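Heads up, the thing below is written out as structure tokens.
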Amino acid sequence: MSLPYRRRLAELVAGRGRICVGVDPHENLVRAWGYDFDADGVERVARTLVDVLGPEVPVFKPQAAFFECHGPAGMAALGRVLGDIAQAGALSLLDVKRGDIGSTMSAYARAYLSDDAVLAADAITVSPYLGFGSLAPAIELAHQTGRGIYVLCRTSNPEGAGLQSAREESGRSVAQAVVDAARETNEASGQDAVGLVIGATLETLDLDLDGFAGSILAPGIGSQGGSVAQLGRLFGRAAEHVLPSASRQVMKAGPDANALRTALDMLKGVPTGA
Ligand SMILES: O=C(O)c1cc(=O)[nH]c(=O)n1[C@@H]1O[C@H](COP(=O)(O)O)[C@@H](O)[C@H]1O
């Protein structure tokens, strides 16, 4: 087993800064970079991005959807992108948002979190809305292989609030139940392999994150209106665990390498909140 994900992340963030760059080759972006929107175009954009920014970025988050929509050729391209990320010494957080009954979840876990997986990543995004307990096979494999999972908690999109802020009979919100289950899992394992996804677009934090020591992915920077400068105010003491994530905000600067580096520099410098 390699070092636990949380520890590898902390070491990389200490050296490269606290930022996650999303690899989301949208059709309009791929065309603006001068390519057709096919498996080849998506691969060129993604691999150029990783090639240019690789040494300065601790975590890349490829969005699987943009590769999956090109079928087997797109999936093969995704495999090469994951390989490039590893070559650059960065971590790959594959955004697949998987979630299913436990027996099926174990196959998804095997697809991304086992050492011999074709699409092995350092971490994946998962959905807890079939019940946090249904994620157990992914959590178990992540612990075994030193990988991580990020559990959707309070997402950046406006449609998420109704479901995620709904209350249990006890009065606790559904999203808070996710936080509590993640915290308990981390405390029991001592690995902090379970992270949370909490959107940078939230007006206020309607969650108690005290004692949560896993990584908190905060997508929604830039194109969705969130800003790195606001994260200290939004997350307070938990800000030290926050990994802000931006995709289009960086990628739209390409394909010029200097422009990509400038866009990345503008995103770095997250307040610690400590
Ligand atoms: O899990 C995610 O990464 C995610 C969660 C969330 O709450 N909101 C969210 O936007 N995302 C993903 O983060 C990326 C956002 O892209 P940009 O808006 O271009 O930075 C997309 O790949 C989304 O699927």
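Count along the sequence shown starting at 1, add 34, and that's the number in my numbering. The C-beta atom is built at its ideal place from N, Cα and C for all residues, glycine as well. Predicted model only: the values in this text are computed from it and were never measured.
Exclusion of the five residues before and after Ala291 leaves Val86 as the residues of its chain whose Cβ lies within less than 6 Å of its Cβ.
Checking the 7 Å criterion, the Cβ of Lys131 is within range of a heavy atom belonging to ligand 1. Put simply, the backbone Cα of Arg201 is about 16 Å away from that of Phe166. Looking at the backbone, the Cα of Glu45 and that of Ala122 are separated by about 15 Å. Membership of Val212 in the alpha helix (DSSP H) is indicated by the continuous run Val208 to Ser223. Secondary structure at Asp118: helix, using DSSP grouped into helix, strand and coil. Residue range Leu265 to Phe269 is occupied by the alpha helix (DSSP H) that includes Gly266. Looking at the backbone, the Cα of Ile135 and that of Cys54 are separated by about 29 Å. Secondary structure remark: continuous beta strand (DSSP E) runs of at least 3 residues inside the segment 130 to 176, in chain order: 157 to 160. Between ligand 1 and the CB of Asp58, the shortest heavy atom gap is smaller than 7 Å. Contact between the segment 182 to 195 and the segment 153 to 170 is present: three or more C-beta pairs spanning the two stretches fall below 8 Å. Per DSSP, the unbroken alpha helix (DSSP H) holding Phe100 starts and ends at Ala99 to Glu102. DSSP lists Ile183 as the bridge partner or partners of Val228. The beta carbon of Ser207 lies closer than 8 Å to those of Gln198, Ser199, Ala200, Arg201, Asp240 and Leu241 in the same chain, with the five residues before and after it left out.
With a cutoff of 8 Å on beta-carbon distance, Ala252 and Ser279 are scored as near each other. With a cutoff of 8 Å on beta-carbon distance, Ala157 and Leu116 are scored as not near each other.
In this structure, Met285 sits near Leu83, with a CB-CB distance shorter than 8 Å. Taking 7 Å as the cut-off, one finds at least one heavy atom of ligand 1 near enough to the beta carbon of Thr189.
Note on geometry: alpha-carbon atoms of Arg65 and Arg81 lie some 15 Å from one another. Gly56: member of the beta strand (DSSP E) spanning Cys54 to Val57, first to last residue. The count of Cβ pairs closer than 8 Å, one atom from the segment 71 to 78 and one from the segment 93 to 110, reaches three, so the stretches are in contact. Note that the C-beta distance between Leu243 and Val213 is below 8 Å. For Lys302, the CB stays at least 7 Å from every heavy atom of ligand 1.
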